Amino acid sequence: MESPLGVAIPASNSTVSVSIIDTTSWAYKIPCRDLFYPRFAGLDTFDICSYAFLITHNNRHVLFDLGIKKDWEELVPDTVARLKRSGTSVVVEKELVDILRDGGTDLNDIDAVVHIHWDHTGNLASFPPSTDLVVGPGIVDRFMPGWPTVADSHFRESDVLGRKITGLENQRFTIDIGGLRGYDYFGDGSFYLLNAPGHSLGHINALARTSADPDTYIFLAADSVHLAGEVRPTHSLPLPDEIDVPNIVPRPCPAEHLLQIHPRASRMLQFLGLDRCFPEDLDAAEKTIESIEKFDADERVLVVWAHDVTMYKTLEYYPAIANGWKAKGWKGTGRWAFLSDLQKIANEQKVKSQHEEL
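The working numbering applies: residue 5 is where the sequence shown begins, and numbers increase by one.
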């Protein structure tokens with residue numbers, strides 16, 4: 005249920021501090037011919053960055069996502085083989101623990117890390133045993149204790165050996181927030197973990213309250229979204245009459261121009277939809293995206309997913325604090341930036357098609 009102000013979120017005066025970490029992790033040329041439907045002509049591969057998020061609550065520190073480990077070829081064999089087969093190139097400049105140390109964070113102060121997927125778990129083994137691992141529904145039963153005991157696990161046994169592991173099963177998510185089920189992590193309404201099924205088993209998002217009275221939030225969408233065209237535009241957030249973002253032609257660009265490259269030619273439907281072969285559960289993934297779209301249309305909420313390249317030049321990174329995002333206008337700056345990329349792809353595809361006809 006939505007309030008007159010947007011998504012209905014339980015009231016609280018408690019907040020957390022959020023720092024967005026540029027993990028220096030990039031994956032280039034990820035094939036996407038079978039990821040989206042209807043297919044966007046010319047969108048054959050895409051590149052991703054990887055963010056991690058340091059959440060601070062009084063003297064407690066939690067990491068949501070860890071990016072990719074520097075020595076990525078030491079990931080579990082199945083993941084490494086899959087990446088090499090796909091032609092994806094992975095580049096990681098620094099380990100996350102080194103970025104944290106350089107920014108003044110003592111690793112012994114990190115209470116827990118949250119999320120589990122090859123491009124989110126970083127180098128878990130580099131954290132002290134005092135750092136817990138918190139995972140979503142089904143992960144413990146399905147993937148613990150890790151590879152090689154579980155051949156298709158996303159992580160090695162050595163990553164989690166001697167570490168407390170907390171599996172949050174479905175019954176722990178008891179609070180309805182914007183159509184998703186939430187778990188009040190600190191118990192005071194400042195930070196919620198959200199059950200976000202669909203992309204993969206145990207997939208979770210998070211909602212951080214970054215200010216109170218007035219309320220602002222950062223929604224951490226993890227892998228629920230990969231490209232902005234999956235969540236924009238919508239009925240709640242239609243394509244405006246003009247788009248004024250860097251590199252778009254003309255600038256500002258009338259909506260009518262952009263509708264010519266829209267697969268569904270609609271100001272109220274997303275440019276990209278999920279293909280059935282991409283998420284583990286398409287129906288659940290689409291329902292999760294529908295909920296995220298409500299948050300995305302709420303002016304109090306900045307939605308950032310783990311690989312949001314279009315926001316890369318807008319965000320400020322650790323050790324900077326992201327709580328002032330609204331005053332800095334990050335949401336407005338990044339919201340439609342993806343359209344210049346799609347326009348470029350469409351124009352290149354048009355030229356290619358013309359040459360093929362000659």
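Note that the Cβ used here is the ideal one computed from N, Cα and C, for glycine as well.
Fair warning: this is a prediction, and the values are worked out from it, not measured in the lab.
- Cβ-Cβ separation between G206 and V305: approximately 24 Å, too far for a contact (criterion under 8 Å).
- Runs of beta strand (DSSP E) with 3 or more residues, each lying fully within the stretch 6 to 75, are found at 21 to 35, 49 to 61 and 64 to 68, listed in chain order.
- Distance from the CA atom of S54 to the CA atom of F342, rounded to whole angstroms, is 17 Å.
- Per DSSP, the beta-bridge partners of D136 are A116.
- Of all C-beta pairs linking the stretch 327 to 337 to the stretch 209 to 222, three or more are shorter than 8 Å, placing the two stretches in contact.
- Contact annotation: G46 and Q353 have beta-carbon atoms nearer than 8 Å.
- Taken in chain order, the unbroken stretches of beta strand (DSSP E) that lie wholly in the stretch 214 to 246 and span 3 residues or more are 220 to 224.
- Per DSSP, reduced to three states, the secondary structure at S93 is strand.
- A straight line joining the alpha-carbon of L197 with that of G186 spans about 6 Å.
- Comparing C-alpha distances from H261 to each of S162, L243 and E303 shows the shortest one belongs to L243.
- In this structure the stretch 15 to 22 lies against the stretch 311 to 327, because at least three pairs of beta carbons, one per stretch, are closer than 8 Å.
- Apart from the 5 residues on each side of it in sequence, S295 sits with its Cβ closer than 7 Å to the Cβ of G182, G183 and L184 in its chain, given in chain order.
- Going by C-alpha positions, P237 is about 44 Å away from T153.
- Counting only runs of 3 or more residues that sit fully inside the stretch 184 to 215, the beta strand (DSSP E) segments are 184 to 188, 195 to 199 and 208 to 215, in chain order.
- Contact holds between the stretch 72 to 81 and the stretch 150 to 165, because three or more Cβ pairs, one in each stretch, are under 8 Å apart.
- Secondary structure note for L100: its alpha helix (DSSP H) is the uninterrupted segment L100 to D106.
- DSSP places W329 in the helix class (H, G or I) of the three-state scheme.
- CA-to-CA, the gap between K335 and V308 works out to about 10 Å.
- Cβ neighbours of P133 within its own chain (closer than 7 Å, five residues either side excluded): G166 and R167.
- Nearest C-alpha to D48 among N63, Y32 and F57: Y32.
- Sequence-distant partners of T92 (beyond 5 residues in either direction) whose C-beta falls short of 8 Å from its own C-beta, in its chain, are A31, Y32, K33, I34 and P35.
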